[in-house]
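Asker: If you count the sequence shown from 1, position 247 lands on 271 in this note's numbering, and the numbers rise without skipping.
The C-beta atom is built at its ideal place from N, Cα and C for all residues, glycine as well.
Questions regarding the structure given below will be posed in turn.
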Amino acid sequence: MNTARFDWGEELHQTVVKSLTTSFGLDFLLLEDKHGGDVNTIHNAREGVYATDAERQRYEQREGYDSHHYHSHENYIATNRAGKKAHEAGTLTDTYTGERFAANDKKNLDHIIAAHEIHNDPGRILAECDGADLANDSSNLTFTNESLNKAKKAKTMDAFVQTLQEQYAATTQEIARLRSQLTLSEQEQKKLNKLENKAAADFERMKEADKKARAKYNSTINREYYTSSKFAKNVATATMNNAFRMGTRQMLGLVLAETWFEFRERIPVIFEKHRRSFDAGDFLQDAAEALRAVWQRVQGKFNTFLTSFKDGAIGGVLSSITTTLFNIFFTTKKMMVRLIREMWNNLVQAFKVMVFNPEGLAPGQLAKAVSKLVAAGVSVAAGVVVNDALAKMLVFPFGPELAAFCGALATGILTLVMNNFLEHSKLMKKVWEFLDTFKDNYQKALEYYQQVNAALDRYLLELSALEFAIDTSALSRFSLHLNAVNSEIERGLLLRAEVERRNIALPFEAGNTRSVRSWLSKL
Numbered sequence: 025m026n027t028a029r030f031d032w033g034e035e036l037h038q039t040v041v042k043s044l045t046t047s048f049g050l051d052f053l054l055l056e057d058k059h060g061g062d063v064n065t066i067h068n069a070r071e072g073v074y075a076t077d078a079e080r081q082r083y084e085q086r087e088g089y090d091s092h093h094y095h096s097h098e099n100y101i102a103t104n105r106a107g108k109k110a111h112e113a114g115t116l117t118d119t120y121t122g123e124r125f126a127a128n129d130k131k132n133l134d135h136i137i138a139a140h141e142i143h144n145d146p147g148r149i150l151a152e153c154d155g156a157d158l159a160n161d162s163s164n165l166t167f168t169n170e171s172l173n174k175a176k177k178a179k180t181m182d183a184f185v186q187t188l189q190e191q192y193a194a195t196t197q198e199i200a201r202l203r204s205q206l207t208l209s210e211q212e213q214k215k216l217n218k219l220e221n222k223a224a225a226d227f228e229r230m231k232e233a234d235k236k237a238r239a240k241y242n243s244t245i246n247r248e249y250y251t252s253s254k255f256a257k258n259v260a261t262a263t264m265n266n267a268f269r270m271g272t273r274q275m276l277g278l279v280l281a282e283t284w285f286e287f288r289e290r291i292p293v294i295f296e297k298h299r300r301s302f303d304a305g306d307f308l309q310d311a312a313e314a315l316r317a318v319w320q321r322v323q324g325k326f327n328t329f330l331t332s333f334k335d336g337a338i339g340g341v342l343s344s345i346t347t348t349l350f351n352i353f354f355t356t357k358k359m360m361v362r363l364i365r366e367m368w369n370n371l372v373q374a375f376k377v378m379v380f381n382p383e384g385l386a387p388g389q390l391a392k393a394v395s396k397l398v399a400a401g402v403s404v405a406a407g408v409v410v411n412d413a414l415a416k417m418l419v420f421p422f423g424p425e426l427a428a429f430c431g432a433l434a435t436g437i438l439t440l441v442m443n444n445f446l447e448h449s450k451l452m453k454k455v456w457e458f459l460d461t462f463k464d465n466y467q468k469a470l471e472y473y474q475q476v477n478a479a480l481d482r483y484l485l486e487l488s489a490l491e492f493a494i495d496t497s498a499l500s501r502f503s504l505h506l507n508a509v510n511s512e513i514e515r516g517l518l519l520r521a522e523v524e525r526r527n528i529a530l531p532f533e534a535g536n537t538r539s540v541r542s543w544l545s546k547l
């Protein structure tokens, strides 16, 4: 880039216009960013965030919890029977205390993750898994004493442990008070047993049991949902929709930008022509001519528009997949969805240049080109942040439009600043030069002969600019004389004599091969 001839104003204008007609101008027409993305995920459903109203309504209209249905499951009954035999044999252990059940202890079969919680789990409903089967999986069933089971009820394990910890001091005090009495009534003895069972709870064992049960439960739900045709269909639909809209946005944005660039060149001319003497017929003719020029300009860049659509579509596919993957683990905000989309739009172009290197660039120049594309993506992302921040503050009429313009302007300025840094900073020049040292010998030879060819072209232009100062007949005789000689030696002597006669200064000694090679090596 030649800084002496670089028009910063024009470059800023083009960057801002293209940003306005794509990232900041057509989004509201073609793209709708959603909190949590376009595909339902288990994580988002549990946060109350749905991509579709149908899934939200399906959760809201779920069946009510039926305790009998969950506690009459065949595996619940079978596990209870097995536990009874182990209890009679004296081998049954209380999972929550670590103590072995005595013959007269009352045991209960507990759902580690409460059946009520599983029934109302939005993730389970989204995955369309049977609640009774999940609740009564062997990994979620365990034996504990009756006191802890009834105290736990439908609480989560974390909430139950916290309750026991908060009550621990009061529980131990009440146990000490009851034990200090000489005699206890039957009711007081039952109360003491109940309190002792609660005090015996091993919080670490309880948390570990819950951790294992939830790991198996979540693994089952994730496997069922994320490997289902339902999820695959939703991802494919959202991806194709986003790809088409992104491709259309990029292509239509470039068409609008090129239309404006053509009108921008012609409008001042038309205005100046009709400023003093307006003629409707001439004006309409000029306007029609301008429209034809626009159409020709658009036609001439048809392949560019198709490439833009393709790149935008690929970016749309990748951004949709990336957003969905993120939402499996955490819920993305609207702005983050947009940032992902805009970054992928530029990264696709960067990957194309990096992988295919269509212009055959040397390593340093290739790295520079890729860096500029990535920098453009960062600039757009910064513009999106500016746009989002201003849109929240500028709540007056035309505020959103002003915010969009400021975002596009920020994108344009940052793009120019970063490109200038990558192109002209001493640090980056050293980086590009260092990377260029890794080019192969063929590239080096090609560049050398390209430089030689350019130098020869310049020299020939200088020679062509010299005036021979001979008449036509003399030039004709010289040409005939050149054609008449039969050997390169005679032709060389003739040219040498003519050069000496006209005092033409050559950068090498005519007829001296070593001198010619020395001159070529210095180019």
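1. Rounded to a whole number of angstroms, what is the C-alpha to C-alpha distance between Leu-342 and Phe-333?
2. Under 8 Å by Cβ, that's how I've got Gly-336 and Gly-271 pegged, so tell me the actual separation to the nearest angstrom.
3. Spatial neighbours of Ile-352 within its chain, please: CB distance less than 7 Å, with the 5 preceding and 5 following residues excluded, ordered by chain position.
4. Establish whether the CB of Asp-62 and some CB of chain C are separated by less than 7 Å.
5. Please go through the region 120-195 and give each complete alpha helix (DSSP H) segment of 4 or more residues, from N-terminal end onward.
6. Counting only runs that start and end within the region 306-360, where is the alpha helix (DSSP H) found for 4 or more residues in a row?
7. Mapping DSSP to helix, strand and coil, what is Thr-117?
8. Give every residue of the same chain whose Cβ lies closer than 6 Å to the Cβ of Arg-290, excluding the five residues on either side of it in the sequence, and list them in chain order.
9. Under 8 Å by Cβ, that's how I've got Met-452 and Phe-458 pegged, so tell me the actual separation to the nearest angstrom.
10. CA-CA distance, Met-275 and Phe-329?
11. Let me know if Pro-292 comes out buried or exposed under the rule of 16 or more other beta-carbons within 10 Å of its beta-carbon.
12. What number of angstroms, rounded off, separates the C-alpha of Lys-174 from the C-alpha of Asp-157?
13. Return the CA-CA distance between Ala-386 and Ser-449, expressed in angstroms with no decimal places.
14. In this structure, how does DSSP classify Asp-460 when only helix, strand and coil are distinguished?
15. Going by CA-CA distance only, name the one from Asp-62, Ala-106, Gln-389 that's closest to Lys-257.
16. What residue range does the alpha helix (DSSP H) around Arg-300 cover?
17. In terms of residue numbering, what span does the alpha helix (DSSP H) encompassing Pro-387 cover?
18. Please report how far the alpha carbon of Phe-326 lies from the alpha carbon of Gln-320, in whole angstroms.
19. By the three-class DSSP mapping on this structure, what secondary structure does Leu-371 have?
20. Helix, strand or coil for Glu-524? Go by DSSP, reduced to three states.
21. Pick from Asn-369, Asn-411, Lys-231, Ile-345: whose alpha carbon is nearest that of Gly-122?
22. Are the Cβ atoms of Ala-223 and Thr-180 separated by less than 7 Å?
23. Under the rule that 16 or more other beta-carbon atoms within 10 Å means buried, what is Asn-536, buried or exposed?
24. So is Phe-30 buried or exposed if we call it buried at 16+ other beta carbons inside 10 Å?
25. Would you kindly check if the distance between the Cβ of Val-394 and the Cβ of Val-377 is under 7 Å?
26. Tell me the rounded alpha-carbon separation between Gly-147 and Leu-363.
27. Could you check how far apart the C-beta atoms of His-111 and Phe-125 are, in whole angstroms? I think they sit under 8 Å.
28. Just list the beta strand (DSSP E) runs in the region 216-246, keeping only unbroken ones of 3 residues or longer that don't cross its boundaries, in chain order.
29. Using only the alpha-carbon positions, how far apart do Glu-248 and Lys-177 sit?
Answerer: If we stick to the structure as given:
1. 14 Å
2. 4 Å
3. Thr-65, His-67
4. In summary, chain C is missing from the structure at hand, where a single protein chain is found.
5. 139-143, 146-151, 155-159, 170-176
6. With a minimum length of 4 residues, the continuous alpha helix (DSSP H) runs that stay inside the region 306-360 are 326-353.
7. strand
8. Cβ within range, chain order: Ala-314.
9. Rounded, the Cβ-Cβ distance is 10 Å, inconsistent with contact.
10. The alpha-carbon of Met-275 is positioned some 5 Å away from that of Phe-329.
11. exposed
12. 22 Å
13. Cα-Cα distance, rounded: 19 Å.
14. helix
15. Asp-62
16. Looking at the DSSP string, Arg-300 is not in any alpha helix (DSSP H), and its letter there is neither H nor E.
17. 387-417
18. Distance from the CA atom of Phe-326 to the CA atom of Gln-320, rounded to whole angstroms, is 10 Å.
19. helix
20. helix
21. Per the C-alpha coordinates, the member of Asn-369, Asn-411, Lys-231, Ile-345 positioned closest to Gly-122 is Lys-231.
22. Remark: C-beta atoms of Ala-223 and Thr-180 do not approach each other more closely than 7 Å.
23. exposed
24. Bear in mind that the predicted position of Phe-30 carries a pLDDT of just 47, short of 50, making it too unreliable to give a figure here.
25. yes
26. 27 Å
27. In this structure, His-111 and Phe-125 form a Cβ contact; the two beta carbons are roughly 6 Å apart against a cut-off of 8 Å.
28. none
29. 28 Å
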